[in-house]
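Engineer: Got a structure for you, questions after.
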Amino acid sequence: MQEAKMIKITDLEKFYRTEEVETIALNKLSIEVKKGEFVAIMGPSGCGKSTLLNILGMLDDPDDGSYMFNGVEVAHYTERKRADLRKHNIGFVFQSFNLIDELTVFENVELPLIYTGVPSAERVKRVEEVLDKMQIMHRRNHYPQQLSGGQQQRVAIARAVVNKPKLILADEPTGNLDSSNGNDVMELLTDLNEQGTTIIMVTHSEHDARYSHRIIRLLDGQTVMENIMI
Amino acid sequence: MIKNYIIIAFRNIRRNMSYAFLNVFGLTLGIASCLVIFLIVRNELTYDNFNKANRTYRVTLNAIDFNSNVSMAIAPAMRTDFPELEQVSQVYYRQNPLVKVNNNRFIEKQCVFADEHFTEIFNYQWLAGDPKTALNEPNNIVLTESLAKKYFGDKNPVGQMIFLENTFNSKVTGVIKNVPGNTSLPFQFLVSFETIKSRMKDNMSNFWAIGGGFFTFILIPQHYSIHRIESRIPAFLHKNWEKDVGKDVHLPLQPLKDIHFDQRYINNVITPTSKDTYYALLGVALLIIITACINFINLATAQAIKRAKEVGVRKVLGAQRSQLIKQFLGETTVLVLMALILGVGIAALFLSEAGNWLNIKIDAGQLAEPIVIGWIACLTILVILIAGLYPAFVQSAFQPVDSLKNKTGHFARGFTLRKGLVVAQFAISQILIVGTLVVAHQMDFFQNQDLGFNKEAIISMGIPDMSKLEVLRQDFANNPGVKGISFSSGAPSYNNNFTSFSAPAFGVTKDDVTEVKFIDENYIDMFGLKMLAGEKVTKKDVKDTSQTFVANETLIHKIGFMNPHDAVGKRIRLNGRSATIIGVVQDFQSESKHKKRRACALEYNAGVFFMASVKIQPAGMVRTIDHINKSWSSLFPNDLFKYEFLDEHIASFYTQEQKVYTAFKLFSFIAILIGCLGLYGLISFTASQRTKEIGIRKVLGAPIMSIIGLFSKEFILLISIAFFIAAPIGYYAMHNWLQNYAYHINIGAGIFIIAIAASVSIAAITISYQAIKAALINPVNSLRSE
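Residue numbers (this note's numbering), protein chains in the order written: chain A, 14 to 243; chain B, 31 to 816.
See the structure below:
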């Protein structure tokens, strides 16, 4: 039996237009990601990594091409449908953490559960579980500004996984961290992947990329190379 | 979810304390002002709110002019000729009655001599006595609660005796609650009409004898059309009017609820107001609340950049746009509710004070009335929607991809809207400044300009016994503080008496109406009336029956003389007798400026000198008045000395306008203050946004003045745009308002120059602190903060 594909994009195109210039961000890009894979996307600045990640995360529309998510074409979904699909299936980890400053650690992690309508008692249980797992339970009532970068990224990862997503999209998750904290984060992502979560990670770091199963290298919106990690 | 919204709302308020403060403070003032205005307007629009008010009419007279007084003969005739009427009541309304209780004398403001039908029409709240019988007998008196307390303390007032007008020994037969402040018939006590009926017989004999203060009210049956009565009035007049009824005589039936607003009946005692004025005040309330909402929108959209990341994160985590709109509206609701609580609190604290300024009865208790609570709820929802919807839509529209990358370029659109809103705020404040200035000028014009007589330092008082005139004159004259004395039937703005005139010799055969004042030989000089031709009024012996008088310009114009000198020596018919014009005086303002000046005849007649007017030296005024009081009181020991300054009397014609003026001043100030709060918030936000730009400019050598200019230039442009919107609106609105008055100012360019100058100064003061602060900041610091 063929291994189940989670993501299949075909001839994906994305342009950015200003009044005078049209920039091609993705140029007929085709990629496949299987369930349970850990894929790293690399490439120089401006090669289309983040654009790709945004489209994969359904935060942005492609201009042309096909995007099959779990066998369903989602390239031209409405914003509402995308939001619905996203909140049940995808978790995000950002370079700059993107925690909400006005909410505590606990409340930040709780937020995705609120938007998916999980009842209050269940939410408390699940948030505590994941905070425990990320070893930041003792910081649950702190605000993001009161935490170190490494701790903030743990909170962000906790928030990304609390809904038990099938896919985690990580945009340079260690970019703002020192190497020790960076390694911790990579270990966490590896653990999650081993438990069955598919991970797609954009990174500049060859070191981090080595944690993945496969590296896709982009240049000018096209795949230039795929390395299978052993 | 809701808990989360509330939590984040409070945390946002805490983190942005200064903006929250500006918003809440502005909204608080706005809401408090709206509540006060609402209660003021409600007070005016619910005048004469009696149970049967919708079926109650006042019978009035329209013969050449509208008159609310009718003959005492009308009521009994109506009772006979219109048997279907549920009630017909007549009253005699008296100002300044003299009351003696246990050797204490008082002059009260007003009392009503009312027949027994009166209490069937007007449902006063009775605390003691039987409304059906309390006014049946002569010399019965019904006190209001506060007066009963004033006269008798805690003693039971019923059965007590009161000596009224040095004539009537009356017995208290009832006590009613104080009459509400918003009634066209305010009084402190009622006296049975029977008390004066026998003395008024002469006035009751015919329809054309019109006594001042006689009102007739009718109550029509339920579901009965007033037109059925009105259509029979001409026949009724024809039957009962003994003389030939002219075509110009009518008996308009004036609905009770219209009395307060029917300006056709304006005179020196009754000052109806215009409903438009109160709608205008509601308009001001709306402008105030719009100004506060604009602050809210401006500060919220300006801050939206700060919230963009949060919106992006929430969307990434699965928030729907509708959920974010609810969240932002929730935050607005929290702020508005805070403002509401504070606003209601402030309104409660200042309501009675505002009532005092405006001379109306309003108090905090009214805030708990269901209709007011309903209104507060509507206001709250309105404010939440106006202030919250637009920012909620703008903020929730951020695309997560853009907002997480701080790509918020499309904010340019928001800023244009903000500029538009600032223009709107400036325009509102300029309209209010123009409005306030026009009202102020008109008030000054009413009371001080173009009166045609001198009103400074003149006091007037009644004379109870005319046989003592000469003694009084001697007594007053002995006081060095007294500059002049004049006796008359009334000072230039008092007590209008009217009579008919015609001039058959000059083609005026039909009777017309002229005011007539009976004056002594000092009157014209003391009041500074300007003679245009002929002689002044001179003293005449009682035996001298020749009728001579001084006419005013309007009177001679009516007879057909344009040149005053031509009129001197001419004979006309005055009050049915031949009379000679001996002089012509320039027109003077004997009534309020609501009305056109009328014809006036000045005649000597010592028999009707009810009033003494005394011009006093400004220095030692209190001592002089005290001396006058002593002289007067020793001559009239049974009466109580009461005087009034002429200028205060004139001001009393304009109490309604004074109310409006006070309200305009107060609420315009508040609207402008709220606008300043918003402007301050916006400029401080702009300054913080442009810190880096200012730093770079300074590094490149920009002087401080040019940085300050950077901020000021834009606002001066906005103020100018606002002016082009505000000037025509302000002109149009105030021009229309001025048309209420027969005599009014012209709106000159000066008012608009002052308005724009005030607008620029207010903006300059508001923005200068932030602009100077931004300009003085060390560029090293501002660039490092980036």
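Virtual Cβ for every residue (Gly too), placed ideally from N, Cα, C.
For phenylalanine 358 of chain B, which residues from the same chain have a beta carbon less than 7 Å from its beta carbon, with the 5 sequence-adjacent residues on both sides left out?
Structural biologist: Answer for phenylalanine 358 of chain B: Gly418, Pro421, Ala422, Gln425, Ser426, listed in chain order.
Engineer: Could you check which residue in B:Gln117, B:Ile658, B:Tyr762 has the C-alpha nearest to that of valine 501 of chain B?
Structural biologist: Considering only alpha carbons, the answer is B:Ile658.
Engineer: Going along chain A, which residues have a C-beta under 7 Å from lysine 207 of chain B?
Structural biologist: Neighbours of lysine 207 of chain B on chain A: none; closest Cβ ~56 Å, over 7 Å.
Engineer: Listing by chain order, which chain B residues have their CB less than 7 Å from the CB of leucine 72 of chain A?
Structural biologist: Near leucine 72 of chain A (Cβ distances below 7 Å), the residues of chain B are Val346, Pro430, Val431.
Engineer: Take isoleucine 63 of chain B as the anchor and find which of B:Ile263, B:Ala322, B:Asn46 has the nearest alpha-carbon.
Structural biologist: Looking at the sequence shown, residue 63 of chain B is not isoleucine but serine. Minimum Cα distance to serine 63 of chain B is reached at B:Ala322.
Engineer: Are the C-beta of asparagine 67 of chain A and some C-beta of chain B separated by less than 7 Å?
Structural biologist: Yes - at least one Cβ of chain B is within 7 Å of the one on asparagine 67 of chain A.
Engineer: Show which residues of chain A have a CB atom less than 7 Å away from the CB atom of valine 343 of chain B.
Structural biologist: In chain order: Asn111, Ile113.
Engineer: Along the chain, where does the beta strand (DSSP E) containing asparagine 240 of chain A start, and where does it finish?
Structural biologist: Run containing asparagine 240 of chain A: 235-241, per the beta strand (DSSP E) assignment.
Engineer: With distances taken between CB atoms, is the gap from valine 198 of chain A to threonine 211 of chain A smaller than 7 Å?
Structural biologist: No; because the gap between Cβ atoms is not below 7 Å, this pair is not in contact.
Engineer: List the endpoints of the continuous beta strand (DSSP E) containing threonine 225 of chain B.
Structural biologist: From DSSP, threonine 225 of chain B is part of no beta strand (DSSP E) but of the alpha helix (DSSP H) over 224-227.
Engineer: Nearest by alpha-carbon distance to glutamine 472 of chain B: which of B:Ala805, B:Phe380, B:Tyr771, B:Ala642 is it?
Structural biologist: For glutamine 472 of chain B, the nearest C-alpha among the options comes from B:Tyr771.
Engineer: Look up leucine 25 of chain A in the DSSP assignment and give the residues it is bridged to.
Structural biologist: Answer is A:Leu42.
Engineer: Indicate the three-state DSSP secondary structure (helix, strand or coil) for phenylalanine 80 of chain B in the structure shown.
Structural biologist: If DSSP states are grouped into helix, strand and coil, phenylalanine 80 of chain B belongs with coil.
Engineer: Give the DSSP bridge partners of proline 285 of chain B, in chain order.
Structural biologist: B:Tyr87, per the DSSP bridge assignment.
Engineer: State yes or no: is the C-beta of leucine 249 of chain B within less than 7 Å of the C-beta of arginine 124 of chain B?
Structural biologist: Cβ atoms of leucine 249 of chain B and arginine 124 of chain B: not closer than 7 Å.
Engineer: Name, please, each residue of chain C whose Cβ falls closer than 7 Å to the Cβ of alanine 349 of chain B.
Structural biologist: This model lacks chain C altogether, as its protein chains are A and B.
Engineer: Step through the CB atoms of chain A and report whether any lies within less than 7 Å of the CB of arginine 337 of chain B.
Structural biologist: Arginine 337 of chain B does not count as touching chain A.
Engineer: From threonine 331 of chain B to glycine 313 of chain B, what does the alpha carbon distance come to, in whole angstroms?
Structural biologist: Using only the alpha carbons, I get a separation of about 26 Å.
Engineer: Name, please, each residue of chain B whose Cβ falls closer than 9 Å to the Cβ of leucine 160 of chain A.
Structural biologist: Simply none; closest approach about 16 Å.
Engineer: For isoleucine 737 of chain B, which residues of its own chain have a beta-carbon under 8 Å away from its beta-carbon, when the five flanking residues on both sides are left out?
Structural biologist: Contacts found: Ile724, Arg727, Lys728, Ala801, Ala804, Ala805.
Engineer: Please check if any C-beta of chain B sits within less than 7 Å of the C-beta of proline 125 of chain A.
Structural biologist: So, interface residue.
Engineer: List, in order along the chain, the chain A residues whose C-beta lies closer than 7 Å to that of arginine 41 of chain B?
Structural biologist: Per Cβ cutoff of 7 Å: Glu115.
Engineer: Check lysine 625 of chain B in the structure and name its three-state DSSP category.
Structural biologist: Coil.
Engineer: From proline 205 of chain B to leucine 267 of chain B, what distance separates their C-alpha atoms?
Structural biologist: For the record, residue 205 of chain B in the displayed sequence is valine; it is not proline. Distance between the alpha carbons of valine 205 of chain B and leucine 267 of chain B is about 38 Å.
Engineer: Give, in chain order, every unbroken run of the beta strand (DSSP E) that is at least 3 residues long and sits entirely within the stretch 185-224 of chain B.
Structural biologist: The stretch 185-224 of chain B contains these whole beta strand (DSSP E) runs: 191-194, 198-206, 219-222.
Engineer: Give the single residue among B:Ile784, B:Ala701, B:Asn808, B:Trp767 whose Cα lies nearest to the Cα of glycine 731 of chain B.
Structural biologist: Of B:Ile784, B:Ala701, B:Asn808, B:Trp767, the residue nearest in Cα terms is B:Asn808.
Engineer: Roughly how many angstroms separate the alpha carbons of tyrosine 224 of chain A and asparagine 40 of chain A, rounded to a whole number?
Structural biologist: Tyrosine 224 of chain A and asparagine 40 of chain A: Cα-Cα distance of roughly 27 Å.
Engineer: Just checking my contact of tyrosine 128 of chain A with leucine 347 of chain B at CB under 8 Å: how many whole Å lie between their CB atoms?
Structural biologist: Contact holds; Cβ gap of about 6 Å.
Engineer: Is the distance from the Cβ of alanine 222 of chain A to the Cβ of methionine 55 of chain A below 7 Å?
Structural biologist: Cβ distance < 7 Å, so alanine 222 of chain A and methionine 55 of chain A count as in contact.
Engineer: Using 8 Å as the threshold, is the stretch 511-520 of chain B in touch with the stretch 540-558 of chain B, meaning 3 or more CB pairs across them?
Structural biologist: Cβ pair count under 8 Å is three or more, so yes.
Engineer: Going by DSSP, which residues form a beta bridge with tyrosine 122 of chain B?
Structural biologist: Answer is B:Phe143, B:Phe244, bridged to tyrosine 122 of chain B.
Engineer: Does methionine 47 of chain B come within less than 7 Å of chain A when only Cβ atoms are used?
Structural biologist: With 7 Å as the cut-off, methionine 47 of chain B does not count as an interface residue toward chain A.
Engineer: Taking just the CA atoms, how far does lysine 588 of chain B sit from valine 572 of chain B?
Structural biologist: Near 30 Å, if we compare the C-alpha coordinates of lysine 588 of chain B and valine 572 of chain B.
Engineer: Can you give the Cα-Cα distance for asparagine 92 of chain B and isoleucine 777 of chain B, rounded to whole angstroms?
Structural biologist: Cα to Cα, the separation comes out at about 34 Å.
Engineer: Give the single residue among A:Lys27, A:Asn154, A:Ile20, A:Phe82 whose Cα lies nearest to the Cα of cysteine 60 of chain A.
Structural biologist: Answer by Cα proximity: A:Lys27.
Engineer: Measuring only the C-alpha atoms, how far is asparagine 389 of chain B from lysine 689 of chain B?
Structural biologist: One C-alpha to the other measures close to 7 Å.
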